[in-house]
Amino acid sequence: MNMWKKAVLMIAVMMLGFTTLLGVPTVVRADTGPDWTAVQNDANGIYWQAQAIQTWAAQVRAEAMAILGTNQNPEVIALASQIVALASQTERDAANTQATARYIIAQTNARVDGSEVTTLALARDIGIMADRIGVMADRILWTELQIGVMADRIVESEYLISYSTLFLSRQIKGTTDQMIVKTYEMQGTVAHMQSVLR
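See below:
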């Protein structure tokens, strides 16, 4: 049995054993090598979630800008300005995450041979995306805290605006948490493939 067949057999046996532990619906076919369907599905999910985050962040930014135009309290104005900046950065973070996810999808479409070169390249790209999502999650959490502080500074009539902004921020955080879970799944799948191929 040549080395490639041995590698395929090892991947098949080990992935079947680790699929339950990883919680990743990975399928292996001996005739083509590792199946990248799980990685591609997760990347596709992250792509659309990043799109949703861009939309929600834009809404947060718009509402914070509306507060800037209607409030005279210097502290509220300073907080709203910071929220505008944070939401704008979140939009850029989400756009970058979406671009990386799109690249990963393209790579799995172009080269699904399961080679070590492909595995290492995708592992690096997924790691970059995981770092970006982590930074974005931290920024979103800070935005939510700032919105809460601003809500305490705004008079009752303006609190409704702040409350809706806070709700949107929490939606973004929930989606980011899902993205992190999916990224962990992708990392687990690729790391396992990588360990077997080495």
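Reminder that position 195 of the sequence shown reads as 195 in the working numbering, one-by-one numbering, no gaps.
Glycine included, C-beta positions come from ideal geometry on N, C-alpha and C.
It should be emphasised that the depicted structure is a prediction, and the values quoted were computed from it without experimental measurement.
Status (buried if at least 16 other CB within 10 Å, exposed otherwise) for residue i
| i | result |
| --- | --- |
| Val205 | With the chain represented from 1 up to 198, any question about residue 205 goes unanswered, as that position is not in the structure. |
| Ile72 | Note that residue 72 corresponds to Gln in the displayed sequence, not to Ile. Flag for Gln72 reads exposed. |
| Ala199 | The structure shown does not extend to residue 199, since the chain is modelled only from 1 through 198, so no value can be given for it. |
| Asp70 | Contrary to the premise, residue 70 reads as Thr rather than Asp in this sequence. The residue is exposed, with fewer than 16 neighbouring Cβ atoms inside 10 Å. |
| Arg124 | exposed |
| Asp42 | buried |
| Ala106 | exposed |
Cβ-heavy atom distance, residue i to the ligand FMN, below 8 Å
| i | result |
| --- | --- |
| Met150 | Absence of the ligand FMN is noted for the structure shown, with no ligands found whatsoever. |
Simplified DSSP state of residue i, which is helix, strand or coil
| i | result |
| --- | --- |
| Gln89 | helix |
| Gln72 | coil |
| Trp48 | helix |
| Trp36 | coil |
| Lys182 | helix |
Within 9 Å, strictly: CB atoms of residue i and residue j
| i | j | result |
| --- | --- | --- |
| Asp177 | Arg132 | no |
| Lys173 | Ile46 | no |
| Leu241 | Trp56 | This structure gives no information on residue 241, because the portion of the chain shown stretches from 1 to 198. |
| Ile53 | Thr100 | no |
| Leu79 | Gln171 | no |
| Ala87 | Thr175 | no |
| Gln120 | Ile104 | It should be pointed out that residue 120 corresponds to Leu in this sequence rather than to Gln. No, these two residues do not count as a Cβ contact at 9 Å. |
From the options, residue whose alpha carbon lies closest to that of residue i
| i | options | result |
| --- | --- | --- |
| Gln51 | Ala87, Gln98, Leu68, Ser88 | Gln98 |
| Val39 | Thr175, Tyr163, Asn109, Ser164 | Asn109 |
| Met150 | Ile83, Ile140, Ile126 | Ile83 |
| Gly148 | Ala130, Gly134, Ser164, Met65 | Ser164 |
| Ala62 | Asn44, Ser81, Trp48 | Ser81 |
| Trp48 | Ala58, Ile67, Arg102 | Arg102 |
| Asn44 | Ala137, Met129, Leu68 | Met129 |
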